[in-house]
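A quick write-up on the structure given underneath.
In the numbering used here, the protein residues as written are -19 to 353.
Below is the structure:
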């Protein structure tokens, strides 16, 4: 059987080595007093499922060789001396479900490459960051389940980490467009359709063009006309133009108008959409039917319209209201010269028959309950 040799060095510079079979599913180098380790041989371990380097003295670690371990499920780096760690080599390790980096000396950690599929255990002092495309993918509750924080005394800290959402329009000073696009694609290709709507909002906010963050479709389409050779400004404009085209098709097909910022569109090429947006915003209200059972009025369809979202947010209403609340809403919509349509039902149900995707619906209803930071 083929073997690999993993070399590691003690704080005194002494080199030692351990051999493993390439077919092994676990590599265990626990408590070796290793200050540095060379993982280059690990690239040949296609069946590797667990890498355990915990309880050492590692001050640095290059995970690049691990990028070829497609079966990898768990990495344990607990109790080392790491001050920084690059997780980007793990972006294609799609089976990776758990990483433990607790009890290290990490100041910050970019979780973007493992954000979608991997649970992380880390110290509460670590400053967590991720690309803005991930801003609305998980709620606070979901983030708390995925990222387990430990207090200095080792006890669990039952609060979600504060995530610094990194904007691409700020990262352009450090990286070229080719690299930024690669980051975006590596994340977007792992997402399911239910996550697309939140992702396009985070993506366009991060690119500095939030006024058009209302595209209800696959956000990768926004990047289709960009090429690696572009500058950030050129790519930003190409994405803007693609968004305008996609939004025009969406509106012509009676798609949603939520989160489209007309005021900030006026001085851009998106201004041509304004008359259509205004028309469709009236249509989407008048085509919405609010179901009424007894004294309960179901408001879901209204929340997914532009005027409904803003009026309901301003009045502090939730997903339902009573008949008095309905009259308040009627008065608000009367001022806009719009009529609310209702239908009495005998069976309690809360349905939506509009054009917004399941992903958009989930995103909006998560916003209503303040599920994001």
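From the three backbone atoms N, C-alpha and C, an ideal C-beta is built for every residue, glycine too.
In this text the structure is predicted, and so the values were computed from the model without any measurement.
{"Query": "Exposed unless 16 or more other CB atoms sit within 10 angstroms - verdict on residue 303", "Result": "exposed"}
{"Query": "Nearest residue (CA-CA) to residue 140, options 109, 307, 160", "Result": "109"}
{"Query": "Where the beta strand (DSSP E) containing residue 101 begins and where it ends", "Result": "99 to 103"}
{"Query": "Residue 122 burial status per 10 Å Cβ neighbour count (16 or more: buried)", "Result": "exposed"}
{"Query": "Spatial neighbours of residue 292 in its chain, beta-carbon cut-off 7 angstroms, leaving aside the 5 residues before and after", "Result": "279, 282, 283"}
{"Query": "Neighbour-count burial assignment, residue 298, 16 or more Cβ in a 10 Å radius", "Result": "exposed"}
{"Query": "CB contact flag (residue 5, residue -18, <8 angstroms)", "Result": "no"}
{"Query": "Residue 305 versus residue 242 - alpha carbon distance", "Result": "29 angstroms"}
{"Query": "CA nearest to the CA of residue 354, picked from 288, 333, 274", "Result": "Residue coverage of the chain in this structure runs from -19 to 353, which leaves residue 354 outside it and unanswerable."}
{"Query": "Range covered by the beta strand (DSSP E) that runs through residue -12", "Result": "-17 to -11"}
{"Query": "Three-state secondary structure (DSSP) of residue 108", "Result": "strand"}
{"Query": "Exposed unless 16 or more other CB atoms sit within 10 angstroms - verdict on residue 80", "Result": "buried"}
{"Query": "Distance, residue 51 Cα to residue 77 Cα", "Result": "11 angstroms"}
{"Query": "Touch test, the segment 123 to 134 against the segment 172 to 183, Cβ-Cβ under 8 angstroms, three pairs minimum", "Result": "no"}
{"Query": "Rounded C-alpha distance that separates residue 156 from residue 92", "Result": "18 angstroms"}
{"Query": "Sub-8 angstroms separation of residue 238 and residue 257 beta-carbons", "Result": "no"}
{"Query": "Beta strand (DSSP E) segment containing residue 176, residue limits", "Result": "No beta strand (DSSP E) contains residue 176, which is instead part of the alpha helix (DSSP H) from 176 to 186."}
{"Query": "Cβ distance (whole Å) where residue 367 is taken to contact residue 183 below 8 angstroms", "Result": "Because the chain is modelled from -19 through 353, residue 367 falls outside the range shown and cannot be assessed."}
{"Query": "Cβ-based neighbour list, residue 269, same chain, cut-off 6 angstroms, excluding 5 preceding and 5 following", "Result": "321, 323"}
{"Query": "Pairwise C-alpha distance: residue 89 and residue 360", "Result": "Residue numbering for the chain in the displayed model covers -19 to 353; residue 360 lies beyond these limits and cannot be assessed."}
{"Query": "Beta-carbon proximity list for residue 336, same chain, < 7 angstroms, skipping 5 on both sides", "Result": "196, 236, 284"}
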